[in-house]
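Report on the following structure.
2 protein chains.
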Amino acid sequence: MDIQLKRGLLDVCVLAAIKNEESYGYQIIKDMKPYLELSESTLYTILKRLEAADMLTVRNVEHKGRLRKYYRITQQGLGRIEEFKEDWKEILSIYNFITREDARHE
Amino acid sequence: MDIQLKRGLLDVCVLAAIKNEESYGYQIIKDMKPYLELSESTLYTILKRLEAADMLTVRNVEHKGRLRKYYRITQQGLGRIEEFKEDWKEILSIYNFITREDARHE
DNA sequence: CTATATACTTCGCGTTACGATGTATAACGT
DNA sequence: ACGTTATACATCGTAACGCGAAGTATATAG
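In order, the protein sequences belong to chains A and B.
If you read the first sequence in the working numbering, its first letter stands for residue 1, the second for the next number, and so on.
If you read the second sequence in the working numbering, its first letter stands for residue 1001, the second for the next number, and so on.
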């Protein structure tokens, strides 16, 4: 899919991935893969951005000698998802504009 | 609306605005305003980009002492709109992922 | 013993939306 | 007569963002 189209969807998508239970980077990528593929560099950048914006909190966990950072969504993060749902109405209106047919040819 | 969400929509939106009949910059902004507001600097950048990509052709017209550039969509431009319709299916799938409810709380 | 999977990090690049600013004419209000 | 708004397009600099490339390090599978 077009890279530009993914923008704006990615942030909310990551929040949605941890909406119901905390998760960590590598797992998030796998969970989102069927819907949206994103590279590791992209995800970890997004996670840092969302943390800076208080959309999620981080918890370090030692797992089989490797570091795992578990991310949990905050109230603000949940609010961001709700905002997206509002924006979606506008997106639909734009979609209708793009796919509308010329009345003269109907 | 979130700026990022507009990306990827803008290009196709401009193409859609001239899909049925040629138009010029200032008019396009007015036509799109109910759906999507964009600044002049943004639009003219997009129009140049689309022209470079052979998505549209330009025709200079003298109108009341002012220059008007009429833009007409090409076959490639129409193809781009069709591509978007394909991408839309993926967008919907992402939307469903974002707005899905936790099964345990249903 | 080598390759793959797991897990997170950093750097640099290219694309892009936009505000600010500029140029120039016509129409409208008072 | 004069100022403001509308018309119409152009350029520049900035900041945000996605991603490929490369790095570090351990565990598991073939």
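Ideal Cβ positions, reconstructed from N, Cα and C, are used throughout, including at glycine.
For clarity, every value in this text was computed on a predicted model and none was experimentally measured.
- Here the alpha carbons of glycine 8/A and aspartate 1002/B stand approximately 7 Å from one another.
- The contact set of alanine 16/A on chain B, defined by CB atoms closer than 7 Å, consists of Phe1097, Ile1098 in chain order.
- In the DSSP assignment, asparagine 1060/B falls within the beta strand (DSSP E) that extends over 1056-1063.
- Among the residues of the segment 1033-1045 of chain B, those with a Cβ less than 9 Å away from any Cβ of chain A are Pro1034, Tyr1035, Leu1036, in the order of the chain.
- Comparing alpha-carbon positions, the option among Ser41/A, Leu56/A, Ser39/A, Ile98/A lying closest to phenylalanine 1084/B turns out to be Ile98/A.
- In chain order, Tyr1071, Ile1073 place their CB closer than 6 Å to the CB of isoleucine 1018/B, counting only its own chain and leaving out the 5 sequence neighbours on each side.
- Serine 1023/B is outside the set of residues whose beta carbon lies under 8 Å from a beta carbon in chain A.
- Not a single CB atom of chain A sits nearer than 8 Å to the CB of isoleucine 1073/B.
- Counting only the Cα atoms, glutamate 22/A lies some 25 Å from tryptophan 88/A.
- The three-state secondary structure of tyrosine 71/A, taken from DSSP, is strand.
- DSSP lists Tyr1071/B as the beta-bridge partner residues of serine 1023/B.
- Annotated three-state conformation of arginine 66/A is strand, per DSSP.
- For isoleucine 1029/B, no CB of chain A lies under 8 Å from its own CB, so it is not counted at the interface with that chain.
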